[in-house]
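In our numbering, each number is its position in the sequence shown, counted from 1, plus 346.
Glycine is no exception: its CB is placed at the ideal position from the N, C-alpha and C atoms.
Since we're looking at a predicted model, the values are computed, not measured.
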Amino acid sequence: MYGQIIPLIKKYDEALKQADFTQLNLFLQISMEGLSLSTFNTENNKFLSIEHVEFDNPELNPDIYSLLKHFFSDHFATNHQFKSVYILFESTNSSLIPEPMYDESEKMSFSKFSFTQSDDHDTLSDKIKNLDAYNLYLVPKVLKKDLEELFPGHKFYSHAGIFIDNLLVTYKNSVNQKRIFINVRKSYLDIVILDGRSLLYFNTFNYLSKEDFIYYVIYVMDQLKLNPEEIEIIFSGIIEKNSLIFDTIYKYVRNVSFQPKPAGFSYSYLFSDIPSHYFFNLLHLPLCES
């Protein structure tokens, strides 16, 4: 069972050996398919490590939570007292609700309308700071319980709200221009469309092949009547420029690029080997403190 944890990236700065962990924040990004984590020095706003693992065939593994606990059983992340721990959950079910319509006491009513209900999940919500809206999402109860045991007092967010908020901050001074932002996960893609500083669209899709992927992108463009000759697509997440997905998208849309690393922070020299767009959401978590 434990062999289903597949390490893909593991880079630690030497400065971690002498670091005062009470001045470090721990950032985690967790899904049913794997996890990423990074340490951040709050004294000099510097990222000191990055690690990424995948769980092999999670849909066939009935005990994914044991894998998670096993990963952290001898990991430095649970052997030190951090200043703060931030956890980003890559949800597969989320819904945006305009702030004027949102009522915390009616959260379950919104949830029943938006999602297929399950006794195994809790409904949570996050306020999107730079948008007059709340993000509603489902989280497995056992995952919440395990994370609270591993990281008591952590701060918990959905990736969807953070992704939207990050884009609104990153492009707040941009000219009025429609752009498509695609966050690539192992078997999901998140699509955000901005027109200058306004959110036009958000949705998450499950894909099994490059054909699925391109179908959803073209479908969304068609629904919003976006011209592939004019629109710009900006990728983040785990995607390579020489991948089949990128090559297929490029046949339809010529103006395609990748997100740069978040500005305003310092990065260990180890990050020079990491594509800038890989951990767009994770590396924006320091902004949650502001």
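| Unbroken stretches of the beta strand (DSSP E), 3 residues or longer, contained in the segment 550–636 | With a minimum length of 3 residues, the unbroken runs of beta strand (DSSP E) contained wholly in the segment 550–636 fall at 578–583, 602–604.
| Which residue's Cα is closest to the Cα of V515: K458, G542, S395? | Taking the sequence shown and counting its residues from 1, one reaches residue 515 at position 169. Cα-wise, what sits closest to V515 is G542.
| request: Go through its chain and collect everything with a Cβ distance to K453's Cβ below 8 angstroms, but skip five positions before and after it. | output: Counting from one through the sequence shown, the residue named residue 453 turns up at place 107. Taking C-beta separations shorter than 8 angstroms and ignoring five residues to either side along the sequence, the partners of K453 in its chain run T469, S471, L482, following chain order.
| Tell me which same chain residues have a C-beta within less than 8 angstroms of the C-beta of V530, skipping the five on either side of it? | As a position in the sequence shown, residue 530 is number 184, starting the count at 1. The residues are F581, S582, G583, I584, I585, I591.
| message | Quick check on G499: does DSSP put it in helix, strand or coil? | response | Locating residue 499 in the sequence shown gives position 153, where the first residue counts as 1. DSSP places G499 in the coil class of the three-state scheme, outside both helix and strand.
| query | What residue from F551, H467, I560 has the CA that sits closest to K597's CA? | reply | Taking the sequence shown and counting its residues from 1, one reaches residue 597 at position 251. Nearest to K597 by C-alpha distance, out of F551, H467, I560, is I560.
| said: Spatial neighbours of K356 within its chain, please: C-beta separation below 7 angstroms, excluding the five flanking residues on both sides. | reply: Within the sequence shown, the letter at position 10 stands for residue 356. Excluding sequence neighbours, K356 sits near E397.
| request: In the DSSP assignment, find the unbroken beta strand (DSSP E) run with N481 in it and report its ends. | output: Numbered from its first residue, the sequence shown carries residue 481 at position 135. 479–486 is the span of the beta strand (DSSP E), which, as asked, contains N481.
| Sheet register partners of L383 (DSSP bridge) | Residue 383 sits at position 37 when you count from the first residue of the sequence shown. In the DSSP output, where bridge partners are listed per residue, L383 has L374, E397.
| query | Fully enclosed by the segment 502–529, which alpha helix (DSSP H) runs are 4 residues long or longer? | reply | Secondary structure in the segment 502–529: the alpha helix (DSSP H) runs of 4 residues or longer, each lying completely within the stretch, are 505–516 in chain order.
| What do you get for F393, buried or exposed, if any count of 16 or more other CB atoms within 10 angstroms of its CB means buried? | On the sequence shown, residue 393 is found 47 positions in, with the first residue counted as 1. Buried is the call here.
| field | Proximity winner among T368, L633, I620, N476, relative to E445 (alpha-carbon distances) | value | Translated into positions along the sequence shown, residue 445 becomes position 99. Relative to E445, the option among T368, L633, I620, N476 whose CA is nearest is N476.
| Under a three-way DSSP split, which group does F456 fall into? | Position 110 of the sequence shown, counted from the start, is the residue given in the question as residue 456. Of the three classes helix, strand and coil, the one that applies to F456 here is helix, per DSSP.
| field | Reduced DSSP secondary structure (H/G/I, E/B, other) of D536 | value | Mapped onto the sequence shown, residue 536 falls at position 190. Three-state DSSP puts D536 in a strand.
| message | Quick check on the burial criterion: 16 or more other C-beta atoms within 10 angstroms. Buried or exposed for S464? | response | The sequence position of residue 464 within the sequence shown is 118, counting from 1. Only exposed fits S464, as fewer than 16 other CB atoms lie within 10 angstroms of its CB.
| query | For the ligand PLP, is there a heavy atom less than 7 angstroms away from the beta-carbon of I591? | reply | This structure lacks the ligand PLP; in fact it carries no ligand of any kind.
| message | Just to confirm my understanding: we take A423, look at its own chain, exclude 5 residues before and 5 after, and list those with CB closer than 7 angstroms. What are they? | response | Position 77 of the sequence shown, counting from 1, holds the residue named residue 423. Cβ neighbours of A423 beyond the five flanking positions: L372, L383.
| query | Since Y358 is in the beta strand (DSSP E), which residue starts that stretch and which ends it? | reply | Taking the sequence shown and counting its residues from 1, the one referred to as residue 358 is at position 12. Per DSSP, Y358 belongs to the beta strand (DSSP E) from 351–358.
| task | Would you tell me roughly how many angstroms separate the C-alpha atoms of Q523 and M567, rounded to the nearest one? | result | To locate residue 523, count along the sequence shown from 1; it is residue 177. To locate residue 567, count along the sequence shown from 1; it is residue 221. Looking at the two C-alpha atoms, the distance is approximately 15 angstroms.
| request: Out of H421, V431, K415, L489, point me to the one whose CA is closest to S437's CA. | output: Counted from its first residue, the sequence shown places residue 437 at position 91. The residue with the shortest Cα to Cα distance from S437 is L489.
| query | Alpha carbon to alpha carbon, what distance is there between T594 and K556? | reply | Within the sequence shown, residue 556 is the residue found at index 210, counting from 1. Within the sequence shown, residue 594 is the residue found at index 248, counting from 1. Note on geometry: alpha-carbon atoms of K556 and T594 lie some 7 angstroms from one another.
| Where do the ends of the alpha helix (DSSP H) carrying H467 lie? | Position 121 of the sequence shown, counting from 1, holds the residue named residue 467. H467 -> not in any alpha helix (DSSP H); beta strand (DSSP E) instead, spanning 467–474.
| field | CA nearest to the CA of L554, picked from Y534, K491, S614, I539 | value | What you label residue 554 is simply residue 208 of the sequence shown in a count that begins at 1. It is Y534.
| Residue from Y358, L493, I351, P353 whose Cα sits closest to the Cα of S618 | Position 272 of the sequence shown, counting from 1, holds the residue named residue 618. Comparing alpha-carbon positions, the option among Y358, L493, I351, P353 lying closest to S618 turns out to be Y358.
| query | Is Y547 helix, strand or coil when you go by DSSP? | reply | Residue mapping note: residue 547 aligns to position 201 of the sequence shown, counting from 1. Strand at Y547.
| For chain D, is any of its Cβ atoms less than 8 angstroms away from the one on A423? | The structure shown contains no chain D; it holds only a single protein chain.
| Straight-line CA distance for N439 to E578? | Along the sequence shown, one-based indexing puts residue 439 at 93. Along the sequence shown, one-based indexing puts residue 578 at 232. Their Cα atoms are separated by approximately 26 angstroms.
| message | Is the beta carbon of L434 closer than 8 angstroms to that of L628? | response | Here the question's residue 628 lines up with position 282 in the sequence shown. Here the question's residue 434 lines up with position 88 in the sequence shown. Yes, they are a contact pair.
| Cβ of F551 within 8 angstroms of Cβ of V538? | To locate residue 551, count along the sequence shown from 1; it is residue 205. To locate residue 538, count along the sequence shown from 1; it is residue 192. It is not a contact, given that the beta carbons lie outside the stated cut-off.
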